[in-house]
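Shown next, in structure tokens, is the structure this report addresses.
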Amino acid sequence: MAEPIVHDVVVLGAGSAGCVVAARASEDPHRSVLLVEAGPDYERTRETPFDLVNSHNNSYTDHDWGFTYQPTAIGRQQPFPRGRVTGGSSAVNTTIALRGMPEDYDGWAAAGNTEWAWEKVLPAFRRLERDLDFGDRPWHGDAGPISIRRYAWDELTAVHQAFLEASRELGYPDCPDANDPTSSGAGPHPMNKLGRLRVSTAVGYLAPARIRPNLEVRANTAVRRLLIENGRAVAAEVESGGEVSIIRGRLFVLCSGSLQSPAILMRSGVGARRDLEALGIEVARDVPAVGANLSDHPALAVVCRARDPSLLHADQPIVQTILRYTAPGSDQRNDLQIEAFSFSPRGEAALNSFAIAAVLEQSYGTGRLYLSSADPNVPPVVEPRFCEDARDVSRLAACFRDTMAFTQARAMAGMVAQVIFPDPRRSLDDESIADLLHRFAASGYHPCGTLKMGPASDPGAVVDQFGRCHAVEGLVVADASIMPSVPRANTNLTSIMIGEMVGEWLRARPGTYGL
Ligand SMILES: Cc1cc2nc3c(=O)[nH]c(=O)nc-3n(C[C@H](O)[C@H](O)[C@H](O)COP(=O)(O)OP(=O)(O)OC[C@H]3O[C@@H](n4cnc5c(N)ncnc54)[C@H](O)[C@@H]3O)c2cc1C
5 MAEPIVHDVV VLGAGSAGCV VAARASEDPH RSVLLVEAGP DYERTRETPF
55 DLVNSHNNSY TDHDWGFTYQ PTAIGRQQPF PRGRVTGGSS AVNTTIALRG
105 MPEDYDGWAA AGNTEWAWEK VLPAFRRLER DLDFGDRPWH GDAGPISIRR
155 YAWDELTAVH QAFLEASREL GYPDCPDAND PTSSGAGPHP MNKLGRLRVS
205 TAVGYLAPAR IRPNLEVRAN TAVRRLLIEN GRAVAAEVES GGEVSIIRGR
255 LFVLCSGSLQ SPAILMRSGV GARRDLEALG IEVARDVPAV GANLSDHPAL
305 AVVCRARDPS LLHADQPIVQ TILRYTAPGS DQRNDLQIEA FSFSPRGEAA
355 LNSFAIAAVL EQSYGTGRLY LSSADPNVPP VVEPRFCEDA RDVSRLAACF
405 RDTMAFTQAR AMAGMVAQVI FPDPRRSLDD ESIADLLHRF AASGYHPCGT
455 LKMGPASDPG AVVDQFGRCH AVEGLVVADA SIMPSVPRAN TNLTSIMIGE
505 MVGEWLRARP GTYGL
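Counting from 5, one number per residue, gives the positions in the sequence shown under the working numbering.
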């Protein structure tokens, strides 16, 4: 019988981070890299379905895992989209390409992850991008795989033009480049799109790497669990077309995202002993931190019926602009975001309204994720537990009130026939807004932190600062789940940066990973 092929590096999940890890690791022609993805793979843009090409709106259903979550203790269960395709969530998302604040990464470093200080991650942020507007600035890159640009004024929809005018009227500073590390205020969003084309990591990183003979992409192949022998990951058990098989490797890099990476680890017997035993999963390592520390951006939108619905249509780019600012009395710079949406609701319903969302960008509260079954086809239970920390409630409430002010600013008021959420008869005192938040705050779709990185002395840390799993040899995690806390920005660019950091270490100092 033929010996099973043993790949040098097996990357599990081809998302924002996974495509980058595979592309960077396979730059060494002597290193065999296998990239495994549960969803389909489209090798050429011409064959790629429209929902993935069309960055004007998110793709919510055609390439999605179908997960749900309960945002708050009393909130109702709702969909939690995650991309299931090469490119992962970067292939279905809004293409907002925003970096966190330097303080976010310096905070990670201060928690024992010194390789992630701002000055050390900045080269990775520069390497990943081709900034078409500000590529000549010292904090930007002009030659990376991810093209980034900002909408010019005359490309903005009526809602976004009015939003920027209202921002100025309300006294917020102009911000031409939200990725300038010193900036705050309102301006066009940096976005990783070229015209309509969404520049996912499948487009930017994977497409040019495909010609390499040492890189294999295996799509439509779902990881069920890792096989761990004597504390070492030796194989991945996968399912494809109803067949279960084994993939062997010298090193496994888990890149399945913050909801799936911890779920795969738990199914592999790495998690809280009591929880695993209750599901009949044999415990390989007792690591209670797996699935804990779920961080995200809670948000709540004001919805307005438009005076002139002919200004809205479903083919407009849904997001184009951004306001970043700091909550009163907060020591966390730019801990709030206000963001307009060209139209609302999503889906096929007649368009007669638009929305403006208040978003908390730095939250103290955390939630958790756990399994209700050992069956890999049963999604994890996701509980972000938004708005349980009083500091989160007071800042998001202040942001919501500031968001309401936009509907009354001269530049926008003329567009608003009626505010339809919240009910205009409702008083907007602290208690009343807190009640709205407890019932309706929802995810900004930025879950992270569920396999937190940190030193071995930190009982909450699952991986070290190189992504190496503390409890299991031969296993690295590189995706949004290793972020110690949510950065003050939409999380795609930081996930790509994580792929760059770990991918570059794999390429340039493989000994760190025993290769
Ligand atoms: C609808 C939506 C809109 C968003 N908008 C933005 C935005 O505009 N800007 C921004 O910065 N962020 C945005 N985000 C968040 C951002 O896209 C994510 O933070 C980022 O993509 C996470 O990267 P990741 O590599 O951790 O995971 P992902 O990109 O989700 O990658 C995980 C990959 O692993 C695969 N996988 C999972 N489980 C398995 C398994 N068992 N076997 C095999 N493969 C598996 C998945 O199919 C996927 O391809 C959005 C997210 C969504 C869903």
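The beta-carbon is built from N, C-alpha and C at its ideal position, and this holds for glycine as well.
For clarity, every value in this text was computed on a predicted model and none was experimentally measured.
Contact belief for W143 with L126 at Cβ below 8 Å, rounded distance in angstroms: With a Cβ gap of about 7 Å, W143 and L126 count as contacting.
Determine, using beta carbons only, whether S204 comes closer than 7 Å to chain B. The structure shown contains no chain B; it is built from a single protein chain.
Could you tell me the boundaries of the beta strand (DSSP E) in which V307 lies? Judged by DSSP secondary structure, V307 falls within the beta strand (DSSP E) whose first and last residues are 302-310.
I'd like the ranges of any alpha helix (DSSP H) spanning at least 4 consecutive residues and lying wholly in the segment 398-484. Runs of the alpha helix (DSSP H) spanning 4 or more residues and lying entirely within the segment 398-484 occur at 414-417, 434-444, in chain order.
Quick check on N58: does DSSP put it in helix, strand or coil? The three-state secondary structure of N58, taken from DSSP, is strand.
Contacting residues, own chain, Cβ-Cβ under 6 Å from E133 (five flanking each side not counted): Scanning its chain for C-beta atoms nearer than 6 Å, with the 5 sequence neighbours on each side dropped, one finds around E133 the residues G145, G148, I150, I152, in chain order.
Between which residues of its own chain and V363 is the CB-CB distance below 6 Å, once the five residues before and five after are set aside? H301, A303, Q341, G448, listed in sequence order.
Status (buried if at least 16 other CB within 10 Å, exposed otherwise) for Q336: With 16 or more Cβ atoms within 10 Å of its Cβ, Q336 is classed as buried.
If I follow the unbroken beta strand (DSSP E) through T325, where does it start and stop? Start and end: 325-329.
Using 6 Å as the cut-off, classify the Cβ of A26 as near or not near the heavy atoms of ligand 1, replying yes or no. Every heavy atom of ligand 1 is 6 Å or more from the Cβ of A26, so no.
Taking 6 Å as the line, does the beta carbon of T454 fall inside it for any heavy atom of ligand 1? Answer for T454: no, Cβ out of range of ligand 1.
To which residues of the same chain is G92 closer than 6 Å at the C-beta, ignoring the five residues directly before and after it? Only G19, S20 meet the Cβ criterion.
Hey, R88 and D110 are a contact pair by Cβ (cut 8 Å); roughly how many whole angstroms apart? The C-beta distance from R88 to D110 rounds to 34 Å, too long to meet the 8 Å contact threshold.
Own chain residues within Cβ distance below 8 Å of I250, not counting five before or after: For I250, where only same-chain residues beyond five positions count, the Cβ hits under 8 Å are P8, L231, A239, A240, E241, V242.
Would you call the segment 248-267 and the segment 195-207 in contact, with 3 or more CB pairs under 8 Å? The segment 248-267 vs the segment 195-207: no contact.
Three or more C-beta pairs below 8 Å linking the segment 30-49 and the segment 214-233: Contact holds: three or more Cβ-Cβ distances are below 8 Å.
Mapping the DSSP letters down to three states, classify P177 as helix, strand or coil. The answer is coil: DSSP assigns P177 none of H, G, I, E or B.
Secondary structure of G148, DSSP reduced to three states: For G148, the secondary structure class from DSSP, reduced to helix, strand or coil, is coil.
Can we count A484 as close to ligand 2, meaning its CB is less than 6 Å from some heavy atom? In terms of ligand content, the structure shown lacks ligand 2 and carries ligand 1 instead.
Between which two residues does the beta strand (DSSP E) carrying W113 extend? Just to set this straight, residue 113 is Ala in the shown sequence, not Trp. Looking at the DSSP string, A113 is not in any beta strand (DSSP E); the run it does join, the alpha helix (DSSP H), is 106-114.
Between L519 and L255, which are expected to be in contact by the criterion C-beta below 8 Å, what is the C-beta distance as a whole number of angstroms? Between L255 and L519 the Cβ distance is about 6 Å, and since that is below 8 Å, they are a contact.
Sheet register partners of Y209 (DSSP bridge): DSSP lists no beta-bridge partner residue for Y209.
Buried or exposed: T99, going by 16 or more other Cβ atoms within 10 Å of its Cβ? Flag for T99 reads buried.
For E365, is the classification buried or exposed, using 16 other Cβ atoms within 10 angstroms of its Cβ as the cut-off for buried? That one is buried.
Got a sec? Which residues, its chain only, sit under 7 Å from S59 by beta carbon, not counting five neighbours each side? The beta carbon of S59 is closer than 7 Å to those of T99, K197, R200, L201, R202 in its chain, skipping five residues each way along the sequence.
Hey, would you say the C-beta of Q264 is under 6 Å away from at least one heavy atom of ligand 1? Relative to the non-hydrogen atoms of ligand 1, the Cβ of Q264 comes within a distance shorter than 6 Å of at least one.
For L400 versus M270, is the C-beta distance shorter than 7 Å? No, they are not a contact pair.
Do three or more CB pairs link the segment 283-302 to the segment 34-53 at distances below 8 Å? No, because fewer than three Cβ pairs between the segment 283-302 and the segment 34-53 fall closer than 8 Å, the two stretches do not touch.
In chain order, what residues of the same chain lie with their CB nearer than 6 Å to the CB of G22, ignoring the 5 residues before and after it? If we look at G22 and ignore the five residues flanking it on each side, its Cβ neighbours are V15, C259.
Spatial neighbours of T52 within its chain, please: C-beta separation below 6 Å, excluding the five flanking residues on both sides. A distance below 6 Å between beta-carbons, with the five flanking residues on each side excluded, links T52 to the following residues of its chain, in chain order: Y46.
To which residues of the same chain is G507 closer than 6 Å at the C-beta, ignoring the five residues directly before and after it? Cβ neighbours of G507 beyond the five flanking positions: V24, V25, R28, A29.
Per DSSP, what kind of secondary structure is A6 in: helix, strand or coil? Confidence at A6 is low in this model, with a pLDDT of 47, below 50, so the placement of that residue should be treated as unreliable; the coordinate-derived value is given next. Three-state DSSP puts A6 in coil, outside helix and strand.
Is the beta carbon of T495 within less than 6 Å of some heavy atom of ligand 1? Yes, the Cβ of T495 comes within 6 Å of a heavy atom of ligand 1.
Out of curiosity, what's the CA-to-CA distance linking A95 and G471? Their backbone Cα atoms lie some 24 Å apart in a straight line.
Alpha helix (DSSP H) segment containing I250, residue limits: For I250, there is no enclosing alpha helix (DSSP H); the residue is found in the beta strand (DSSP E) stretching over 247-258.
By a C-beta neighbour count over all protein chains shown, 10 Å radius and 16 as the cutoff for buried, is S499 buried or exposed? Around the beta carbon of S499, 16 or more other beta carbons sit within 10 angstroms, so the residue counts as buried.
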